[in-house]
Amino acid sequence: MHKKIDVLHTSLEQEHVKPKSRRGSLHTKLKYDFRTSDFVVKLIEATDLPAMDIGGYSDPYVKIYLEPDEEKRMRQSTVQRKTLNPSFDEVYKFPITYDELQEKTLCMKVYDFDKFSRHDAIGDVKIRLCDINVSRQLDVWSDLVKPERHQEAPGDLLFSISFLPNAERLTVVALRARNLKAMDVNGSSDPFVKVSLLQGDKRVKSKKTSIQYKNCDPVWNEAISFNIPFKQIKKYSLELQVYDYDVLSQDELIGETTTGFDSDELGKTQWQEMMDFPRKQVTVWHPLKEDR
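So, in structure tokens, the structure goes:
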């Protein structure tokens with residue numbers, strides 16, 4: 038059964054006002070598996086994608102997720118090199134009840150991979166799942182529309198901080214990251230976290246976590262400690278940088294964040310709570326930034 042689905046997208050009104058630029062189409066098969074309670078997305082192919090590279094090609098890959106989703110669980114395809122008509126033939130499963138699925142929107146974003154710069158967004162597809170019947174497999178062609186974001190976000194980092202006044206020890210636990218930007222041609226990254234103790238603009242000391250290979254949703258659960266005089270704690274802050282490890286060249290920065298009184302509002306709040314409740318681990322998700 039071949040079906041053309043009308044997609045939901047915030048920029049559709051704009052597209053109706055002026056001639057719609059050709060961004061290509063995405064071919065998927067959608068089905069709910071009642072036996073395993075999974076929503077199954079088979080990513081088959083994309084066609085007629087625009088050329089994003091100088092050579093007249095693109096290096097496309099697709100990110101697939103459901104909205105709304107507090108956990109932001111995302112699936113990512115492999116990168117297809119130098120093609121405007123990539124074939125994927127990949128299957129992704131989302132554990133969810135059928136009733137919950139009716140409240141979700143399937144989101145698919147096509148990007149052009151670039152090893153040395155930000156990944157360009159090619160186009161988006163959004164399908165409200167209450168509008169279609171996935172109790173039987175649907176063969177769906179969807180037109181890509183103007184992306185909501187021009188560039189791919191670097192991802193999010195979850196970490197905790199705590200301070201022991203008597204021991205004068207600051208401890209950072211790098212817990213996990215999610216939806217990290219793919220830095221390698223295989224559509225993944227080899228991330229590690231570099232944690233630096235800052236005094237003003239001066240980097241006092243830095244330590245690193247282990248490397249999690251081929252993983253855009255890595256889990257570390259690794260603690261890093263620094264000794265700081267209790268009376269001087271307000272003079273310090275922390276910088277956490279997520280890097281992609283590269284054995285043949287320099288490690289690449291995926292994104293970074295800070296916590297401390299010199300940080301943004303999120304970082305200040307986390308640091309203040311640590312000061313107000315000594316010995317408590319204060320855990321917060323931080324959106325990573327490419328440039329502070």
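Its first residue numbered 38, the sequence shown is counted upward by one per residue in our numbering. The C-beta atom is built at its ideal place from N, Cα and C for all residues, glycine as well.
- Between the C-alpha atoms of VAL232 and ASP157 there is a straight-line separation of about 29 Å.
- If the five residues before and after LYS244 are omitted, its C-beta is found closer than 7 Å to the C-beta atoms of VAL232 and ILE261, all from its own chain and listed in chain order.
- Excluding its 5 nearest sequence neighbours in each direction, GLY304 has C-beta neighbours in its own chain below 8 Å: SER274, THR294, THR295, THR296, GLY297 and HIS323, listed in chain order.
- Our two residues, LYS163 and LEU181, have alpha carbons roughly 9 Å apart in a direct line.
- If you draw a 10 Å sphere on the C-beta of GLU276, you find 16 or more other C-beta atoms in it, and that means buried.
- Ranked by Cα distance from PRO315, the options ILE270, MET111 and GLN249 are led by ILE270.
- Across the structure, LYS119 and ILE169 are spaced so that their CA atoms are roughly 34 Å apart.
- When DSSP states are grouped into helix, strand and coil, TYR69 belongs to the strand group.
- Each of ASP75, GLU104, ILE101 and SER124 was checked against the Cα of LEU86, and the nearest Cα belongs to SER124.
- Taking 8 Å as the upper bound for CB-CB distance, SER197 and LEU217 are not in contact here, some 19 Å apart.
- Between GLY160 and GLU205, the alpha-carbon positions lie close to 51 Å from each other.
- Assignment of TYR250 by DSSP, reduced to helix, strand and coil, places it in the coil class.
- The continuous beta strand (DSSP E) containing LYS100 extends over residues 97-104.
- Contact between PHE76 and PHE150 is absent: CB atoms are separated by about 26 Å, not below the 8 Å threshold.
- Here ASP193 carries a strand assignment [DSSP, helix/strand/coil].
- Under the three-state reduction of DSSP output, ASP313 falls in the helix class.
- In the DSSP assignment, GLU137 falls within the alpha helix (DSSP H) that extends over 135-138.
- Boundaries of the beta strand (DSSP E) around CYS144: 142-149.
- HIS323 has LEU194 as its beta-bridge partners, per DSSP.
- Assignment of GLN307 by DSSP, reduced to helix, strand and coil, places it in the helix class.
- Here DSSP, grouped into helix, strand and coil, assigns GLN269 to helix.
- In this structure, DSSP gives ASP299 a state outside helix and strand, which the three-state scheme calls coil.
- In this structure, VAL209 is the residue among SER300, VAL209 and GLY237 with its C-alpha nearest to the C-alpha of GLU259.
- If you draw a straight line from the Cα of ASP254 to the Cα of ALA214, it is about 5 Å long.
- Taken through DSSP and simplified to helix, strand or coil, ASP168 comes out as helix.
- Non-local beta-carbon contacts of ALA88 in its own chain, meaning distances under 7 Å to residues more than five positions away in sequence, involve TYR94, SER95 and LEU121 in chain order.
- Sequence-distant partners of GLN113 (beyond 5 residues in either direction) whose C-beta falls short of 7 Å from its own C-beta, in its chain, are TYR98, LYS100, ALA219, GLY224 and CYS253.
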